[in-house]
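*Asks:*
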Amino acid sequence: MIDAISFKDGTFRYLDQRLLPLQEIHVETRDHREAIEAIKSLAVRGAPLIGASAGYTVVLGVNSFKGAKEAFPAYFSQLIADVEASRPTAVNLFFATKKMKAVYDANFESDSLDELKAKMTDEAHKIYNDEVDNCDRIARHGVEQIKRDCADILKTRKLNVLTHCNTGTLACCGIGTALGVIRLAWKEGLIERVITAESRPLLQGLRLTAWELEHDGIPFISISDSSSAFLMQRGMIDFGVVGADRITANGDTANKIGTYAHAVSASHHGLPFYIAAPVSTIDITLKEGTQIPIEERNADELRTIFGTQVATPTTPVLNYAFDVTPGTLLRGIITEKKAVVGSYETGLRELFTQQ
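Residue numbers for the sequence shown follow my numbering, beginning at 1219 and rising by one.
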């Protein structure tokens, strides 16, 4: 396994994903402000990994507090606000900060600050470990769903799968969400080849997913984002599976920009297209995708590639980080509890009452 993040003896360690695959550099910090910047700058990225990193970032901030206990509530409130401002779309981040706030609410009055810090550290570790377990369960449910939906093809040959962005160990804390499904499907002999879309403008598919697949020895080929429809037309893709940064109550899904185009093409060609994500990615308080805040990032992410200018500095740019795929285009949403197929309004809500 690749260690994308870890936390030991008060130190947060992360693999700077902006430099992959050409440089593999791990950074260690005890400064919560540096950890926040790592999340903002995509040195740490991927919804589940952002959530776990947010928990550890809160711990860093709490550990750095040296004042009197009566000054801690105001400090903690600002710390949470700063962490939550780092990435507005990924709901896992808010899931993690909500968990950390619950520890504070339950223990601040009765505990010393040292006791509170220890409990918050335990909670951050639990968030991380839960994500590892979630990935394993998502993978199993995903493989079983694929076996059902692609049974006719599997009678004669293995499958070719499209994925977008990066949803593996680098984006999660375990084997991955969508890439975890692919890994297990490959292990069980279902996959012929993975087709990974480049994922412009930051090339997470080309740089990161390709790197993980090569690391695992899984056959793959990388394509430009705009190629997937043509490959579907030629019968070179059998299904698609991607991750998510936020899923609303009706199954609308925010994911890395370019996902919607793949889903439209898959629907047109009659191919199953899945979302694989933990329940923590589902925001049941939002009815539909139009309510999801979509992050617009710095224009230079498009105007430059790894520091090389490819457009004039004055070129107008619209750089959305995510798009929203309507639930009507999805074959199913695969979670650690089950694969939800059909009525998302009912099926997704049931996940929150299911033990």
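Each residue gets a CB set at the ideal place from its N, CA and C atoms; glycine is no exception.
These figures come from a predicted structure and were not determined experimentally.
Do Ile-1268 and Leu-1311 have their CB atoms nearer than 8 Å?
*Replies:* Yes, they are a contact pair.
*Asks:* For Leu-1377, which option in Ala-1467, Met-1450, Gln-1296 has the closest C-alpha, if you only look at C-alpha atoms?
*Replies:* Per the Cα distances, Met-1450.
*Asks:* Could you pull the DSSP bridge partners for Lys-1474 from this structure?
*Replies:* Note: Lys-1474 sits in a beta bridge opposite Phe-1540.
*Asks:* Compute the Euclidean distance between the alpha carbons of Ile-1512 and Leu-1547, then round it to the nearest angstrom.
*Replies:* Their backbone Cα atoms lie some 20 Å apart in a straight line.
*Asks:* Check whether the Cβ atoms of Tyr-1478 and Val-1558 lie closer than 8 Å to each other.
*Replies:* No.
*Asks:* When the Cβ atoms of the region 1252-1260 are set against those of the region 1282-1294, are three or more pairs found closer than 8 Å?
*Replies:* Counting Cβ pairs under 8 Å, fewer than three are found: no touch.
*Asks:* Looking at the strands, I want to know which residues DSSP matches up with Lys-1376.
*Replies:* Partner(s): none; Lys-1376 has no beta bridge.
*Asks:* Measure how close the beta-carbons of Ile-1298 and Ala-1357 come, nearest whole angstrom, since I'm counting them as under 8 Å.
*Replies:* Not really, about 32 Å apart at Cβ, beyond 8 Å.
*Asks:* What residues in its chain sit with their C-beta under 8 Å from that of Ser-1445, if we drop five residues either side in the sequence?
*Replies:* Cβ neighbours of Ser-1445 beyond the five flanking positions: Ala-1415.
*Asks:* One question on the structure: do Cys-1391 and Ala-1270 come within less than 8 Å of each other, judged by their Cβ atoms?
*Replies:* Contact flag set, yes.
*Asks:* Going straight from the alpha carbon of Glu-1506 to that of Phe-1448, what length do you get?
*Replies:* Cα-Cα distance, rounded: 30 Å.
*Asks:* How about Val-1528 and Ala-1517: are their beta carbons less than 8 Å apart?
*Replies:* Not a contact, by the Cβ cut-off of 8 Å.
*Asks:* Using only the alpha-carbon positions, how far apart do Ser-1485 and Ala-1261 sit?
*Replies:* For Ser-1485 and Ala-1261, the distance between alpha carbons rounds to 33 Å.
*Asks:* Output needed for Asn-1325: all residues of its chain with C-beta closer than 8 Å, excluding positions within five of it in sequence on either side, in chain order.
*Replies:* Taken in chain order, the residues that qualify are Glu-1333, Leu-1334, Lys-1337.
*Asks:* Keeping to the same chain, check which residues put their C-beta closer than 6 Å to that of His-1487; ignore five residues upstream and five downstream.
*Replies:* Met-1450.
*Asks:* When DSSP labels each residue in this structure, what does Gly-1469 get in the three-state scheme?
*Replies:* In the structure shown, Gly-1469 sits in coil (DSSP, three-state: anything other than H, G, I, E or B).
*Asks:* In chain order, what residues of the same chain lie with their CB nearer than 6 Å to the CB of Ala-1265, ignoring the 5 residues before and after it?
*Replies:* Cβ neighbours of Ala-1265 beyond the five flanking positions: Ala-1308, Asn-1310, Asp-1463, Thr-1499.
*Asks:* In three-state terms, what does DSSP make of Phe-1570?
*Replies:* If DSSP states are grouped into helix, strand and coil, Phe-1570 belongs with coil.
*Asks:* For Ala-1303, does the count of other Cβ atoms within 10 angstroms reach 16, so buried, or fall short, so exposed?
*Replies:* So Ala-1303 counts as exposed.
*Asks:* Pick from Phe-1524, Tyr-1538, Ile-1364, Tyr-1274: whose alpha carbon is nearest that of Gln-1241?
*Replies:* Here the closest residue by C-alpha is Phe-1524.
*Asks:* Smallest Cα separation from Pro-1544: which of Gln-1363, Pro-1437, Ile-1465?
*Replies:* The residue with the shortest Cα to Cα distance from Pro-1544 is Ile-1465.
*Asks:* Is DSSP giving Ile-1257 helix, strand or coil here?
*Replies:* Correct three-state label for Ile-1257: helix.
*Asks:* Using a 10 Å radius around the Cβ and a threshold of 16 neighbouring Cβ atoms, would you call Ile-1502 buried or exposed?
*Replies:* Exposed, because fewer than 16 other Cβ atoms sit within 10 Å of the Cβ of Ile-1502.
*Asks:* Exposed or buried, Ile-1220, counting other C-beta atoms within 10 Å across all chains shown (16 or more means buried)?
*Replies:* By the neighbour-count rule (16 or more Cβ atoms within 10 Å), Ile-1220 is not buried but exposed.
*Asks:* Which class does Glu-1302 belong to by DSSP, given the choice of helix, strand or coil?
*Replies:* Reduced to three states, the DSSP call for Glu-1302 is helix.
*Asks:* Suppose the cutoff is 6 Å on Cβ atoms and the five residues either side in sequence are ignored; what does the same chain contact list for Pro-1239 look like?
*Replies:* Once the five neighbours on either side are set aside, the close Cβ partners of Pro-1239 are Arg-1425, Trp-1429.
*Asks:* Do Phe-1457 and Phe-1491 have their C-beta atoms within less than 8 Å of each other?
*Replies:* Yes; because the gap between Cβ atoms is below 8 Å, this pair is in contact.
*Asks:* So for Val-1528, helix, strand or coil by DSSP?
*Replies:* It is coil, neither helix nor strand.
*Asks:* Looking at the unbroken alpha helix (DSSP H) that takes in Val-1321, where does it start and where does it end?
*Replies:* Per DSSP, Val-1321 belongs to the alpha helix (DSSP H) from 1309-1325.
*Asks:* Would you call Glu-1432 buried or exposed, if buried means 16 or more other Cβ atoms sit within 10 Å of its Cβ?
*Replies:* Glu-1432 comes out exposed.
*Asks:* Return helix, strand or coil for Ser-1483, following the three-state DSSP convention.
*Replies:* Helix.
*Asks:* Would you tell me roughly how many angstroms separate the C-alpha atoms of Glu-1252 and Leu-1278, rounded to the nearest one?
*Replies:* Near 10 Å, if we compare the C-alpha coordinates of Leu-1278 and Glu-1252.
*Asks:* How big is the Cα-Cα spacing for Thr-1583 and Arg-1231?
*Replies:* The chain is shown from 1219 up to 1573; residue 1583 falls before or after that span and cannot be answered.
*Asks:* Can you tell me which residues form a DSSP beta bridge with His-1233?
*Replies:* According to the sequence as given, residue 1233 is Leu; it is not His. DSSP, once it has assigned bridges, lists His-1244 as partnering Leu-1233.
*Asks:* Less than 8 Å separating the beta-carbons of Val-1459 and Val-1497?
*Replies:* Going by C-beta atoms, Val-1459 is not nearer than 8 Å to Val-1497.
*Asks:* Any heavy atom of the ligand MN closer than 7 Å to the CB of Ala-1529?
*Replies:* For the ligand MN, the structure offers nothing, since it holds no ligand at all.
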